[in-house]
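In what follows, a structure is listed as C-alpha cells, so that the remarks can point back to it.
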Amino acid sequence: MTATPDCMSDTPSPLAPAGGRAAIIAEVGLNHGGDADLAWEMIESAWEHGADLVKLQSFAPGGLLHPSLPYAASMEGMMLSLRQHEALFERARRQGIALITTPFDAPTLDLCTRFRIAAVKVASMDLDNTAHLRAVARTGLPVILSCGMGDHADIGKALATLRESGATDVTLLHCISDYPARLEDMQLAEMPRLAARFGVPVGLSDHSLGLEASRMALALGARVIERHFTTDPALMERIPDADHDISITPAQLRELRLAAERTALALGGAERVLAPQESAGRTASRRGLYARTRLAAGHILRAEDVTALRPVAALPASALDAVLGRPCPCDLAPLAPIPASMLPSHEEAVTDDKEGAA
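Residue numbers (full-length UniProt numbering): 1 to 358.
Take a look at the structure:
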C-alpha cells in the first residue's frame with residue numbers, strides 16, 4: 001500500500017500551528033507493544049486530545065539492535081511490521097492525522113519518503129550517525145533532531161551534515177536522555193542558547209514526569225514540545241519494556257495543548273506592541289508639567305517653577321528640559337498646564353507657517 005507522493009504537500013505544516021503557539025508531538029513510540037489496533041487507538045486518542053503530530057518509532061528486524069543486547073528480543077517483539085506501518089499511515093492520511101515516526105533504518109525511512117510525512121524525527125542516539133543523517137536529509141522532508149547526549153560541537157556537526165545533504169528545514173529538540181529526567185537536570189536554559197547559536201527553531205523533548213518542565217519550556221519560547229503518550233499508564237503491566245511510566249495521559253495532553261495556546265497569547269509577537277488600553281493610559285496615567293506657582297508672561301521658566309502631576313494635560317514630564325530657560329508665553333495660574341507652545345519645535349513650526357503664508 002503506497003500513499004501518493006504529495007499526500008501532505010498542500011497542508012500547512014503542523015510544526016508551525018496557527019497563532020504562533022508551540023507544536024505538540026505525542027509520541028506513541030513503542031507503547032503499543034506491537035499491537036496495531038492499540039497503536040491506532042493511541043494515535044486517534046492523541047489527535048483527539050490536541051496533538052499536532054503523533055509519532056511512532058520504526059525499525060525492521062536487525063535494523064537497530066545487536067542480538068546480544070539483553071532487551072533486543074523484547075524490543076523487536078514490540079515492532080510493527082512494514083505492512084502494519086503502511087496501514088496506519090494510510091488510515092491517518094485519510095483522517096487528516098499528521099502521523100510521523102522516528103525511522104531507525106533504511107526500510108522505515110523509505111516508508112517516510114513514500115508517504116511524504118510531515119517530518120522525520122532523528123533520535124538522540126543518531127546525533128553522530130553520519131550515514132543516517134545524510135539519508136534523512138536526502139528525503140527532502142522537514143527534520144526534527146533530538147540533541148540528547150550531545151554538546152554544541154556534536155549538534156553543529158549534525159546540522160552541517162544535514163544541510164550539506166540537502167536539509168533546509170531543521171528543528172532542534174533539547175533533550176535530557178534520562179527516563180525519567182529529574183526537573184533539576186532539565187537545563188531548560190539550553191533552549192535559548194541553541195536558538196541563538198544555530199539559528200533554527202528549538203523545542204523540548206521532555207522525558208520528565210508531569211507537565212511542569214513542559215510549561216516552563218513553553219514560557220521560554222519552545223517551538224515544539226514532544227512528550228511520550230499513553231492511553232493508560234496501567235498498560236505498563238502488560239507492556240513493561242515500553243515508556244508508559246514516563247508518558248502523559250489524554251487528559252494531560254489536553255492540558256498541555258491548552259498551555260501552549262495560553263502561553264502563545266501571553267508571549268505575544270516578536271516586537272513589543274502597546275495594547276489599546278496602554279495607549280490611552282499614556283495620557284491618563286503618566287505625569288504632565290504644571291506651574292507650581294503663579295507665573296507671569298515672559299517669566300523665564302526654572303525647575304522650581306514646575307511640578308509633574310497626573311494626568312498629562314499639554315506637555316509630558318519628559319519635556320521638562322526642553323522648556324526650562326524659556327519665557328512663559330502668557331500668565332499662568334498655579335497648577336495651570338505648561339503650554340505646548342513653549343517647546344522650541346512649536347515655535348519653529350509657527351515661524352515656518354508664517355514664512356509659508358508670506
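All residues carry an ideal CB built from backbone N, CA and C; glycine is no exception. A quick note: this is a predicted structure, and the numbers were derived from the prediction, not measured.
**Prompt:** At what residues does the beta strand (DSSP E) containing proline 103 begin and finish?
**Reply:** Where proline 103 is concerned, the enclosing beta strand (DSSP E) starts and stops at 99–103.
**Message:** Are the CB atoms of valine 312 and alanine 291 within a distance shorter than 8 Å?
**Reply:** no
**Prompt:** Do the CB positions of leucine 289 and leucine 324 come within less than 8 Å of each other?
**Reply:** no
**Message:** Quick check on the burial criterion: 16 or more other C-beta atoms within 10 angstroms. Buried or exposed for aspartate 6?
**Reply:** In this predicted model, aspartate 6 has a pLDDT of only 36, less than 50, meaning its place in the structure is not dependable enough to derive any value.
**Prompt:** Is the Cβ-Cβ distance between alanine 87 and alanine 36 less than 8 Å?
**Reply:** yes
**Asked** Among residues of its own chain, excluding the 5 on either side of leucine 220, which ones have a beta-carbon nearer than 7 Å to its beta-carbon?
**Response** Leu188, Met191, Pro192
**Asked** Can you name the start and end residues of the beta strand (DSSP E) that glutamine 57 belongs to?
**Response** Per DSSP, glutamine 57 belongs to the beta strand (DSSP E) from 53–58.
**serine 9 to arginine 94 span [Cα, whole Å]** = Per-residue confidence for serine 9 stands at a pLDDT of 36, beneath the threshold of 50, marking its modelled position as unreliable; the derived number appears in the next sentence. Using only the alpha carbons, I get a separation of about 14 Å.
**Asked** Cβ of aspartate 105 within 8 Å of Cβ of leucine 64?
**Response** yes
**Beta-carbon contacts of leucine 204 that lie in its chain and below 8 Å, excluding the five residues immediately before and after** = Leu173, His174, Cys175, Leu188, Met191, Ala213, Ser214, Ala217, Ala222, Val224, Ile225, Glu226
**Same chain, Cβ closer than 8 Å to aspartate 178, neighbours up to 5 away in sequence not counted** = Asp185, His207
**Request:** Would you tell me roughly how many angstroms separate the C-alpha atoms of alanine 319 and leucine 295, rounded to the nearest one?
**Result:** In a straight line, the C-alpha of alanine 319 is about 18 Å away from that of leucine 295.
**Message:** If you measure between the beta carbons of isoleucine 97 and valine 28, is that distance less than 8 Å?
**Reply:** no
**Item:** Cα-Cα separation, threonine 11 to alanine 51
**Value:** Residue placement at threonine 11 cannot be trusted, given a pLDDT of 45 that sits under 50; what the coordinates show is reported in the next sentence. The straight-line gap from Cα to Cα measures roughly 16 Å.
**Request:** Using alpha carbons as the reference points, say which of Cys147, Ala317, Leu343, Pro316 lies closest to proline 329.
**Result:** Leu343
**Request:** Count the other CB atoms, across all protein chains shown, that sit within 10 Å of the CB of histidine 152; report buried if there are 16 or more and exposed otherwise.
**Result:** So histidine 152 ends up on the exposed side.
**Residue span of the beta strand (DSSP E) that contains glycine 288, given as start and end** = 288–291
**Message:** Just to confirm, is the Cβ distance from leucine 15 to proline 103 under 8 Å?
**Reply:** Their beta carbons are not under 8 Å apart, which means leucine 15 does not touch proline 103 by this criterion.
**Prompt:** Terminal residues of the continuous alpha helix (DSSP H) containing aspartate 206?
**Reply:** Where aspartate 206 is concerned, there is no enclosing alpha helix (DSSP H), although the beta strand (DSSP E) it sits in stretches over 202–206.
**Request:** Inspect the CB distances between the stretch 123–139 and the stretch 162–169 and report whether three or more fall short of 8 Å.
**Result:** yes
**Asked** DSSP beta-bridge partners for isoleucine 144?
**Response** Lys121, Thr171
**Request:** Could you tell me which of Ala158, Pro337, Thr263 sits nearest to residue 362, measuring between CA atoms?
**Result:** The question about residue 362 has no answer here: the residues shown for the chain are numbered 1 through 358.
**Asked** How about alanine 317 and alanine 303: do their beta carbons lie closer than 8 Å?
**Response** no
**Prompt:** Whose CA, out of Ala181, Leu127, Ile144, Arg182, lies closest to the CA of lysine 157?
**Reply:** Leu127
**Prompt:** Around the Cβ of valine 273, are there at least 16 other Cβ atoms within 10 angstroms (buried) or fewer (exposed)?
**Reply:** Counting the other Cβ atoms within 10 Å of the Cβ of valine 273 gives fewer than 16, which makes it exposed.
**Message:** Quick check on the DSSP output: what are the complete beta strand (DSSP E) runs of length 3 or more inside the stretch 197–272, in order along the chain?
**Reply:** 202–206, 224–228
**Request:** Take the Cβ of serine 345 as the centre, count every other Cβ of all protein chains shown within 10 Å, and call the residue buried at 16 or more, exposed below.
**Result:** exposed
**Asked** Is it buried or exposed for alanine 46, if we count other Cβ within 10 angstroms and need 16 for buried?
**Response** buried
**Request:** Along the beta strand (DSSP E) that carries arginine 23, what are the first and last residues, could you check?
**Result:** First, the residue type needs correcting, since residue 23 is alanine and not arginine in the sequence shown. Element bounds for alanine 23: 23–29.
**Request:** Given a cut-off of 8 Å, decide if leucine 82 and proline 61 are closer than it, judged by their beta-carbon atoms.
**Result:** Going by C-beta atoms, proline 61 is not nearer than 8 Å to leucine 82.
**Asked** How far does the beta strand (DSSP E) with threonine 113 in it reach, from first residue to last?
**Response** Segment 106–115 is the alpha helix (DSSP H) holding threonine 113; no beta strand (DSSP E) there.
**Request:** Note the first and the last residue of the continuous alpha helix (DSSP H) segment covering valine 312.
**Result:** Valine 312 -> no alpha helix (DSSP H), and no H or E assigned at all.
**Message:** Here's a check: name, in chain order, each residue in its chain whose Cβ is nearer than 7 Å to the Cβ of arginine 91, leaving out the five neighbours to either side.
**Reply:** Trp40
**Request:** Look at the Cβ atom of threonine 293, then the Cβ atom of proline 337, and state whether they are nearer than 8 Å.
**Result:** no
**Request:** Please report the Cβ distance between isoleucine 144 and threonine 161, rounded to the nearest whole angstrom; I am assuming they are in contact, meaning their Cβ atoms lie under 8 Å.
**Result:** Not confirmed; about 15 Å, so no contact.
**Message:** Just to confirm my understanding: we take alanine 284, look at its own chain, exclude 5 residues before and 5 after, and list those with CB closer than 6 Å. What are they?
**Reply:** Pro311
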